[in-house]
Structure formats: C-alpha cells, structure tokens
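One structure below.
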Amino acid sequence: MRRRQGWRQRWRAPRRLTITPSGRTYLLISFGVGIGALNTGNNLLYLVLGMMLAVVIVSGILSERVVGGIALRRVLPTGCFAGSPFAVRYEMTSRQHGFALRVAELSGMECGGAIAEIPANTTTTLRAKALLYRRGPLKLTGVRISTQFPFGLFEKIREIALPDIVLVWPRRVPPKELPRREGVAHSGDVRAGHGRDGNGDLASISELQPDEDARRIHWKKSAQGLSLLKAERERDNRIQVTLRIAQQQPGPALESSCEDIAAAARQLIATGHDVGLVCGKIHIRPLPNPMQEIHLLNAIASIGFDEPPT
Numbered sequence: 048m049r050r051r052q053g054w055r056q057r058w059r060a061p062r063r064l065t066i067t068p069s070g071r072t073y074l075l076i077s078f079g080v081g082i083g084a085l086n087t088g089n090n091l092l093y094l095v096l097g098m099m100l101a102v103v104i105v106s107g108i109l110s111e112r113v114v115g116g117i118a119l120r121r122v123l124p125t126g127c128f129a130g131s132p133f134a135v136r137y138e139m140t141s142r143q144h145g146f147a148l149r150v151a152e153l154s155g156m157e158c159g160g161a162i163a164e165i166p167a168n169t170t171t172t173l174r175a176k177a178l179l180y181r182r183g184p185l186k187l188t189g190v191r192i193s194t195q196f197p198f199g200l201f202e203k204i205r206e207i208a209l210p211d212i213v214l215v216w217p218r219r220v221p222p223k224e225l226p227r228r229e230g231v232a233h234s235g236d237v238r239a240g241h242g243r244d245g246n247g248d249l250a251s252i253s254e255l256q257p258d259e260d261a262r263r264i265h266w267k268k269s270a271q272g273l274s275l276l277k278a279e280r281e282r283d284n285r286i287q288v289t290l291r292i293a294q295q296q297p298g299p300a301l302e303s304s305c306e307d308i309a310a311a312a313r314q315l316i317a318t319g320h321d322v323g324l325v326c327g328k329i330h331i332r333p334l335p336n337p338m339q340e341i342h343l344l345n346a347i348a349s350i351g352f353d354e355p356p357t
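Each residue of the sequence shown is one higher than the one before, counting from 48 in this note's numbering.
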C-alpha cells in the first residue's frame with residue numbers, strides 16, 4: 048500500500064484542472080452545438096463550435112502562464128497563541144503578469160486569501176489570517192495556488208512544497224495564583240530588596256570611602272569639586288522565579304498546566320521579574336533577557352511532544 052501511494056505521489060501531475068459551474072454549463076452548450084452541427088451539417092454551427100473549443104484551449108494556456116511562473120515564499124510569525132488569530136504573509140513573484148490568484152495551505156492549518164493582480168517581475172505580498180486551536184509544533188507541507196483566469200470556466204491548480212513548522216503557544220488565559228499541586232508549582236527567591244547601593248534610580252551623592260568600589264564614582268559631580276563622589280542608587284526589587292511543570296501525559300491536565308504557567312510567566316515578566324522554567328530536560332535560567340518570554344513560550348509549546356521544534 049505504501050509503495051502504491053509513493054508511486055502515485057511521484058507521478059502526480061504538477062497541475063490539476065477542475066471545472067467550475069460556469070464551465071460545466073459552457074461544455075454542455077458546446078456539446079449541444081456539436082450535436083446540432085453533426086445533424087444539420089450547417090457550416091455556421093461548425094464555426095461556432097470551433098470558436099467555443101478555441102476558448103477552452105486559450106483558457107488553459109493563459110491559466111498555465113499565470114500559475115506556472117509563480118515563485119512563492121511563506122513568512123510565519125515567531126509563534127502564535129492557540130485560539131487567537133495571527134497573520135501569515137505570502138510573498139509572490141511572477142515572471143508573467145498574473146491575475147485572479149488564490150492561495151491556500153495544503154494541510155496543517157486553514158489559511159489563505161486572494162489577490163487580484165501580480166505585476167510581472169515584481170514581488171507582491173498577500174497578508175492572510177490564520178487560527179489554530181491546539182498547542183504544539185505544527186508541521187506545514189505546502190501551499191496551493193489556483194486561478195480561474197481568464198474566463199472562469201476552469202480552475203487551474205498548482206501545488207508548491209513548502210515544508211515548515213509553526214509553534215503554537217498555549218492559549219491565553221487570565222493570570223492567577225498558581226497552586227502548589229502536583230504537576231504545577233512555582234518557586235522564587237528574592238535577589239534584592241529595597242535599599243541603597245543597587246542599580247536602580249539615583250538616590251543621593253556622597254563622598255567615596257577608601258575601601259569602596261571605584262565603579263560607583265560619579266565622574267561629573269567629582270569633576271566639580273576636589274574629592275571623589277559616589278552615586279548611591281536604589282536597589283532593584285527584582286525577584287528570580289523558576290516555574291516548574293511536572294512531566295505529564297498529553298491531555299487536558301497538561302494543557303491547563305501549560306496555560307497557567309504561560310500566564311504566570313507573562314505577568315511576572317511584565318512586572319519586571321526574572322523568570323525561568325524547569326520541565327523534564329528543559330532548563331531555562333531566570334535572566335533579565337528581553338526575549339525571555341519568547342524563549343519560555345517556545346519551550347512550553349514543545350512540552351509533551353516527541354519531536355521538539357527546531
């Protein structure tokens with residue numbers, strides 16, 4: 048069975064042609080004209096039949112020129128939240144002037160759109176919205192482009208292989224206090240409290256003592272006098288928090304845990320704290336990194352899947 052499917056995949060035509068409702072009506076009329084020409088021998092009917100068949104040939108040639116010269120690139124976001132719409136861009140370049148093109152994903156997600164015109168040798172961007180409901184890495188196989196140009200009688204379809212992976216982050220939920228139960232736990236240790244000699248806002252200026260760190264010298268103020276002055280700053284009230292998820296089998300309990308942890312991480316980072324994550328082989332240290340939330344969400348998106356995203 049697999050060998051037969053592989054043979055069909057290799058020998059599948061690069062183009063597919065489907066008939067639209069208007070095309071079926073047109074072919075029926077053409078068939079009727081052909082029957083009438085054979086029965087009556089009327090030259091005018093033969094001429095009309097020839098013109099109608101020529102329209103079919105011209106339609107196939109023009110539609111092939113439109114879809115055959117398309118080069119397409121999919122641009123995905125860094126990640127997306129389950130249950131929330133996100134944007135996908137398709138950058139298309141055509142050797143020929145193209146009209147009435149539609150783009151859709153072959154598998155994985157429902158996403159696509161239509162574009163009226165693509166100038167020749169020009170990159171045109173199509174922006175589409177997609178919506179995914181399940182957390183985790185999602186494999187995409189390719190893109191289908193189609194057109195009914197020029198007469199709307201037939202739809203010429205071309206499939207382009209574009210393998211890719213989109214990371215689906217946990218669904219957004221309101222942050223709440225995480226209970227210390229099996230499967231979900233969080234711990235934190237205070238790195239600094241209120242006081243002086245920190246890295247926060249400037250609190251006061253005082254004279255530098257012989258045994259104090261020279262890196263605290265306030266050079267602008269010191270240049271105005273005869274002694275070295277140091278800047279005393281408020282300490283940051285930052286907390287280092289490590290969020291933990293116990294390894295669980297895929298299911299509603301794991302999804303709920305991932306959603307709670309992602310919401311807690313988002314709230315803690317928004318308030319200026321350093322957040323890390325521990326789950327199985329995943330160990331992310333709490334760091335004051337601007338991209339820390341994305342690193343955490345990418346890690347949470349891979350929990351429970353055999354093949355982690357690359």
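All C-beta atoms, glycine included, are put in the ideal place defined by N, C-alpha and C.
All figures in this text were calculated on a predicted structure; none of them were measured in a lab.
Exercise for review: Can you say whether R182 is buried or exposed, counting buried as having 16 or more other CB atoms within 10 angstroms of its CB?
Suggested key: Locating residue 182 in the sequence shown gives position 135, counting from the first residue. Result: buried.
Practice item. Go to P68, then tell me how far its alpha helix (DSSP H) extends in each direction, as first and last residue. Key: Here residue 68 refers to the residue found at position 21 when the sequence shown is read from its first residue. Where P68 is concerned, the enclosing alpha helix (DSSP H) stretches over P68 to T87.
Point to revise | Cβ shell of D236 (< 7 Å), same chain only, five flanking positions each side left out | key: Walking along the sequence shown from the start, residue 236 turns up at place 189. Any reading at D236 must be qualified, since the residue scores a pLDDT of 38, below 50, and its modelled position is unreliable; the value itself is stated next. Within its own chain, the residues whose Cβ lies closer than 7 Å to the Cβ of D236, once the five positions on either side in sequence are excluded, are Q287, listed in chain order.
Point to revise | Sequence-distant residues of its chain with Cβ nearer than 7 Å to S141 (five each side left out) | key: Stepping through the sequence shown from its first residue, residue 141 is reached at position 94. Answer for S141: G116, I117, I165 and A167, listed in chain order.
Practice item. Taking all protein chains shown into account, decide if G298 is buried (16 or more other Cβ within 10 angstroms of its Cβ) or exposed. Key: Within the sequence shown, residue 298 is the residue found at index 251, counting from 1. Answer is exposed; the Cβ neighbour count stays below 16.
Exercise for review: With a floor of 3 residues, list each beta strand (DSSP E) that falls wholly inside the stretch 155 to 237, ordered by position along the chain.
Suggested key: Contiguous beta strand (DSSP E) elements confined to the stretch 155 to 237 occur at 159 to 165, 170 to 177, 183 to 194, 201 to 216 and 231 to 237, taking only those with 3 or more residues.
Check your understanding: What residues are listed by DSSP as bridge partners for S141?
Key -> Taking the first residue of the sequence shown as 1, we reach residue 141 at position 94. In the DSSP output, where bridge partners are listed per residue, S141 has I117 and A167.
Review point. Using the beta-carbon count (16 or more within 10 Å), is V122 buried or exposed?
Key: Here the question's residue 122 lines up with position 75 in the sequence shown. Classification of V122: exposed, given that the 10 Å Cβ count is below 16.
**Study point:** Nearest-angstrom Cβ-Cβ length linking L187 and L209, presumed shorter than 8 Å
**Key:** As a first step, residue 187 is located in the sequence shown; it is residue number 140 there, counting from the start. As a first step, residue 209 is located in the sequence shown; it is residue number 162 there, counting from the start. About 7 Å; that satisfies the 8 Å criterion.
Point to revise | Terminal residues of the beta strand (DSSP E) in which R332 lies | key: In the sequence shown, the residue the question calls residue 332 occupies position 285. Neither: R332 is in no beta strand (DSSP E) and is coded neither H nor E.
Point to revise | Option in A312, N89, V190 and E254 with minimal Cα separation from A175 | key: The residue you call residue 175 lines up with position 128 of the sequence shown. For the residues A312, N89, V190 and E254, the minimum Cα distance to A175 belongs to V190.
Point to revise | Same chain, Cβ closer than 7 Å to F198, neighbours up to 5 away in sequence not counted | key: What you label residue 198 is simply residue 151 of the sequence shown in a count that begins at 1. Excluding residues within five positions, the ones whose Cβ falls inside 7 Å are V102 and S106.
Check your understanding: Can you name the start and end residues of the alpha helix (DSSP H) that L315 belongs to?
Key -> Residue mapping note: residue 315 aligns to position 268 of the sequence shown, counting from 1. Here the alpha helix (DSSP H) through L315 covers P299 to A317.
Review point. Taking the alpha carbon of P124 as the point to measure from, which residue in L334, V114, V113 and Y137 has its own alpha carbon closest?
Key: The residue given as residue 124 occupies position 77 in the sequence shown. The residue with the shortest Cα to Cα distance from P124 is Y137.
Check your understanding: Considering Q339, what are the terminal residues of the alpha helix (DSSP H) in which it resides?
Key -> For the purposes of this step, residue 339 is identified with residue 292 of the sequence shown, where counting begins at 1. Unbroken alpha helix (DSSP H) run through Q339: Q339 to S349.
Review point. Nearest to A129 by alpha carbon, out of Y180, M139, L96 and L100?
Key: Locating residue 129 in the sequence shown gives position 82, counting from the first residue. Answer by Cα proximity: Y180.
Review point. Under 8 Å between the Cβ atoms of I308 and I329?
Key: Residue mapping note: residue 308 aligns to position 261 of the sequence shown, counting from 1. Residue mapping note: residue 329 aligns to position 282 of the sequence shown, counting from 1. Result no, Cβ atoms of I308 and I329 do not sit closer than 8 Å.
Check your understanding: Thinking C-beta only, is I204 closer than 8 Å to T65?
Key -> Taking the sequence shown and counting its residues from 1, the one referred to as residue 65 is at position 18. Taking the sequence shown and counting its residues from 1, the one referred to as residue 204 is at position 157. One thing to note: T65 has its Cβ within 8 Å of the Cβ of I204.
Practice item. Report the rounded CA-to-CA distance for R227 versus A312, giving the unit in angstroms. Key: As a first step, residue 227 must be located in the sequence shown, where it is residue number 180. As a first step, residue 312 must be located in the sequence shown, where it is residue number 265. Note on R227: pLDDT 46, under 50, position unreliable in the model; the coordinate value appears next. Each residue's alpha carbon lies about 16 Å from the other.
Check your understanding: Can you tell me where the beta strand (DSSP E) with G323 in it begins and where it stops?
Key -> Counted from its first residue, the sequence shown places residue 323 at position 276. In this chain, the beta strand (DSSP E) harbouring G323 covers D321 to C326.
Exercise for review: List the whole-angstrom C-beta distance separating L119 from M99, where the pair is believed to meet the contact cut-off of C-beta under 8 Å.
Suggested key: Along the sequence shown, read from residue 1 onward, the residue named residue 119 stands at position 72. Along the sequence shown, read from residue 1 onward, the residue named residue 99 stands at position 52. No, L119 and M99 are not in contact; Cβ-Cβ is about 34 Å, not under 8 Å.
Check your understanding: G126 and L344: beta carbons closer than 8 Å?
Key -> As a working mapping, residue 126 is identified with position 79 in the sequence shown. As a working mapping, residue 344 is identified with position 297 in the sequence shown. Yes; because the gap between Cβ atoms is below 8 Å, this pair is in contact.
Practice item. Name, in chain order, the residues that DSSP records as bridge partners for F128. Key: As a position in the sequence shown, residue 128 is number 81, starting the count at 1. F128 pairs with W216.
Review point. Taking just the CA atoms, how far does F201 sit from C67?
Key: Here the question's residue 67 lines up with position 20 in the sequence shown. Here the question's residue 201 lines up with position 154 in the sequence shown. In the sequence under discussion, the amino acid at residue 67 is Thr, which differs from the Cys named in the question. T67 and F201 have their C-alpha atoms spaced approximately 5 Å apart.
Review point. Between R218 and the rest of its own chain, which residues show a CB-CB distance below 6 Å, the 5 nearest in sequence each way excluded?
Key: Locating residue 218 in the sequence shown gives position 171, counting from the first residue. Spatial neighbours of R218 in its own chain (CB-CB distance under 6 Å, excluding positions within 5 residues in sequence) are listed in chain order as A129, G130 and E306.
**Study point:** Limits of the beta strand (DSSP E) - the one that Q271 falls within
**Key:** Taking the first residue of the sequence shown as position 1, residue 271 is located at position 224. Element bounds for Q271: n/a, residue is neither H nor E.
Check your understanding: Which residues bound the beta strand (DSSP E) around L290?
Key -> The sequence position of residue 290 within the sequence shown is 243, counting from 1. Counting along the chain, L290 sits inside the beta strand (DSSP E) bounded by residues I286 to I292.
Review point. How long is the line joining the alpha carbons of R71 and E152, rounded to whole angstroms?
Key: Sequence index remark: in the sequence shown, residue 71 carries index 24 (1-based). Sequence index remark: in the sequence shown, residue 152 carries index 105 (1-based). Whole-angstrom Cα-Cα distance: 26 Å.
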